[in-house]
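Numbering (our numbering), first residue to last: 35 to 172.
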Amino acid sequence: MASKKEVLNCLKNTYCRLKPSKIEGVGVFAVRSIPKNINPFFGVKNQRWHEFKLSELKDLDKEILKMIDNFFVIEKNKTVYIPRLGLNAIDMSFYVNNSKNPNIKTIDNGLTFITLRKIKKGEELVISYATYDDKYIL
(Lines of atoms letter the chains of each structure in order from A and count residues from 1; the text may use other names and numbers.)
(Lines give C-alpha, C1' and ligand atoms only; values in the text may rest on other atoms or scores of the structure.)
Protein backbone atom coordinates (compact mmCIF):
# COMPACT_ATOMS: atom_id res chain seq x y z
CA MET A 1 0.00 0.00 0.00
CA ALA A 2 1.30 3.45 -0.91
CA SER A 3 2.31 5.81 1.86
CA LYS A 4 0.93 9.35 2.07
CA LYS A 5 4.35 10.59 0.94
CA GLU A 6 4.17 8.40 -2.20
CA VAL A 7 0.63 9.62 -2.96
CA LEU A 8 1.71 13.26 -2.54
CA ASN A 9 4.67 12.63 -4.85
CA CYS A 10 2.32 11.24 -7.51
CA LEU A 11 0.00 14.23 -7.12
CA LYS A 12 2.95 16.63 -7.51
CA ASN A 13 3.85 14.80 -10.73
CA THR A 14 0.34 14.82 -12.22
CA TYR A 15 0.38 16.44 -15.65
CA CYS A 16 -2.72 15.22 -17.49
CA ARG A 17 -6.43 14.62 -17.51
CA LEU A 18 -8.95 13.05 -19.90
CA LYS A 19 -11.21 15.33 -21.94
CA PRO A 20 -13.25 15.17 -25.16
CA SER A 21 -10.89 15.34 -28.14
CA LYS A 22 -11.32 16.96 -31.55
CA ILE A 23 -9.09 14.20 -32.93
CA GLU A 24 -11.18 11.25 -31.74
CA GLY A 25 -13.44 10.54 -28.79
CA VAL A 26 -11.48 11.09 -25.60
CA GLY A 27 -7.92 12.36 -25.40
CA VAL A 28 -5.23 13.19 -22.86
CA PHE A 29 -4.66 16.89 -22.15
CA ALA A 30 -1.99 18.76 -20.19
CA VAL A 31 -3.37 20.37 -17.00
CA ARG A 32 -0.12 22.34 -16.72
CA SER A 33 3.03 22.86 -18.73
CA ILE A 34 5.00 19.62 -19.21
CA PRO A 35 8.77 19.90 -19.76
CA LYS A 36 10.60 18.04 -22.54
CA ASN A 37 11.83 14.49 -21.72
CA ILE A 38 9.28 13.93 -18.93
CA ASN A 39 7.10 10.85 -18.46
CA PRO A 40 3.65 12.52 -18.37
CA PHE A 41 2.16 9.39 -16.77
CA PHE A 42 4.44 9.32 -13.72
CA GLY A 43 3.37 6.68 -11.22
CA VAL A 44 1.66 4.35 -13.70
CA LYS A 45 3.11 0.96 -12.90
CA ASN A 46 4.13 -1.46 -15.60
CA GLN A 47 2.06 -4.56 -15.11
CA ARG A 48 2.21 -8.17 -16.12
CA TRP A 49 0.91 -8.81 -19.63
CA HIS A 50 -0.23 -12.12 -21.13
CA GLU A 51 0.02 -13.11 -24.77
CA PHE A 52 -3.15 -14.42 -26.43
CA LYS A 53 -3.82 -15.79 -29.88
CA LEU A 54 -6.88 -14.07 -31.34
CA SER A 55 -8.46 -17.52 -31.65
CA GLU A 56 -8.38 -17.80 -27.83
CA LEU A 57 -10.55 -14.69 -27.58
CA LYS A 58 -13.13 -15.51 -30.27
CA ASP A 59 -15.89 -16.41 -27.80
CA LEU A 60 -15.78 -13.03 -26.03
CA ASP A 61 -18.59 -10.52 -26.47
CA LYS A 62 -18.24 -8.47 -29.69
CA GLU A 63 -17.98 -5.20 -27.73
CA ILE A 64 -15.11 -6.63 -25.68
CA LEU A 65 -13.35 -7.72 -28.89
CA LYS A 66 -13.83 -4.21 -30.29
CA MET A 67 -12.28 -2.72 -27.15
CA ILE A 68 -9.33 -5.12 -27.40
CA ASP A 69 -8.77 -3.93 -30.98
CA ASN A 70 -9.10 -0.27 -29.91
CA PHE A 71 -6.81 -0.35 -26.89
CA PHE A 72 -4.20 -3.04 -27.61
CA VAL A 73 -1.81 -3.77 -30.48
CA ILE A 74 -2.74 -6.83 -32.51
CA GLU A 75 0.51 -8.22 -33.89
CA LYS A 76 1.02 -9.44 -37.46
CA ASN A 77 1.03 -13.03 -36.19
CA LYS A 78 -2.51 -12.51 -34.82
CA THR A 79 -1.47 -12.32 -31.18
CA VAL A 80 -2.23 -9.61 -28.66
CA TYR A 81 -0.80 -8.79 -25.24
CA ILE A 82 -3.42 -8.03 -22.58
CA PRO A 83 -2.73 -6.85 -19.03
CA ARG A 84 -3.33 -9.23 -16.15
CA LEU A 85 -6.52 -7.39 -15.15
CA GLY A 86 -7.76 -7.16 -18.73
CA LEU A 87 -9.57 -4.01 -19.81
CA ASN A 88 -10.01 -3.01 -16.16
CA ALA A 89 -6.27 -2.24 -16.07
CA ILE A 90 -6.49 0.58 -18.63
CA ASP A 91 -4.87 3.80 -17.42
CA MET A 92 -4.87 7.31 -18.89
CA SER A 93 -2.03 6.53 -21.32
CA PHE A 94 -4.35 4.25 -23.31
CA TYR A 95 -6.32 7.35 -24.38
CA VAL A 96 -3.46 9.11 -26.17
CA ASN A 97 -4.63 9.80 -29.73
CA ASN A 98 -2.74 9.28 -32.99
CA SER A 99 -1.02 12.12 -34.85
CA LYS A 100 1.49 12.62 -37.65
CA ASN A 101 2.88 15.44 -35.49
CA PRO A 102 3.44 13.73 -32.12
CA ASN A 103 4.51 15.52 -28.96
CA ILE A 104 5.24 12.30 -27.04
CA LYS A 105 6.91 9.00 -27.91
CA THR A 106 7.13 5.55 -26.42
CA ILE A 107 10.50 4.22 -25.36
CA ASP A 108 9.41 0.58 -24.95
CA ASN A 109 6.58 -0.27 -27.37
CA GLY A 110 3.81 1.54 -25.56
CA LEU A 111 4.56 0.94 -21.89
CA THR A 112 6.47 4.14 -21.05
CA PHE A 113 6.06 7.55 -22.70
CA ILE A 114 8.34 10.61 -22.87
CA THR A 115 7.54 14.14 -24.05
CA LEU A 116 9.37 15.15 -27.24
CA ARG A 117 9.12 18.86 -26.46
CA LYS A 118 7.57 21.19 -23.92
CA ILE A 119 3.79 20.73 -23.96
CA LYS A 120 1.60 23.70 -23.10
CA LYS A 121 -1.25 23.67 -20.58
CA GLY A 122 -4.44 22.64 -22.39
CA GLU A 123 -2.60 20.96 -25.29
CA GLU A 124 -3.55 17.41 -26.25
CA LEU A 125 -0.83 14.78 -25.91
CA VAL A 126 -0.50 12.80 -29.15
CA ILE A 127 1.74 10.05 -30.46
CA SER A 128 2.42 8.40 -33.81
CA TYR A 129 0.81 4.97 -33.47
CA ALA A 130 2.95 3.84 -36.42
CA THR A 131 6.02 3.83 -34.17
CA TYR A 132 4.72 0.78 -32.30
CA ASP A 133 1.67 -0.58 -34.17
CA ASP A 134 2.05 -2.10 -37.65
CA LYS A 135 -1.61 -1.33 -38.37
CA TYR A 136 -0.59 2.31 -38.89
CA ILE A 137 1.65 3.64 -41.65
CA LEU A 138 4.32 6.31 -41.06
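For every residue, glycine included, the Cβ atom is placed at its ideal position computed from N, Cα and C.
*Identity of the residue in Glu40, Pro117 and Val65 nearest Lys154 by Cα*: Val65
*Please state whether DSSP places Thr3 in a helix, a strand or coil.*
Outside the displayed range of the chain (35 to 172) lies residue 3, so it cannot be described from this structure.
*Look at Lys53 and Phe63 and say whether their C-beta atoms are less than 8 Å apart.*
yes
*Return the residue from the list Gly120, Pro74, Ser162 and Asp93 that minimises the CA-CA distance to Lys152.*
Pro74
*Beta carbon of Gly61 nearer than 8 Å to that of Tyr129*: yes
*Quick one: is Ile98 buried, meaning 16 or more other Cβ sit within 10 Å of its Cβ, or exposed?*
exposed
*Using the C-alpha atoms, what's the distance from Trp83 back to Ser67?*
32 Å
_Own chain partners of Lys70 with C-beta closer than 6 Å, once the 5 adjacent residues on each side are dropped_ = Thr149, Arg151 and Lys152
*Look at the alpha carbon of Lys96 and the alpha carbon of Met35, and state the distance between them as a whole number of angstroms.*
36 Å
*Within 10 angstroms of its Cβ, does Ser89 collect 16 or more other Cβ (buried), or is it exposed?*
exposed
*Asn111 to Asp103, Cα distance in whole Å?*
14 Å
_Residue span of the beta strand (DSSP E) that contains Lys155, given as start and end_ = Neither: Lys155 is in no beta strand (DSSP E) and is coded neither H nor E.
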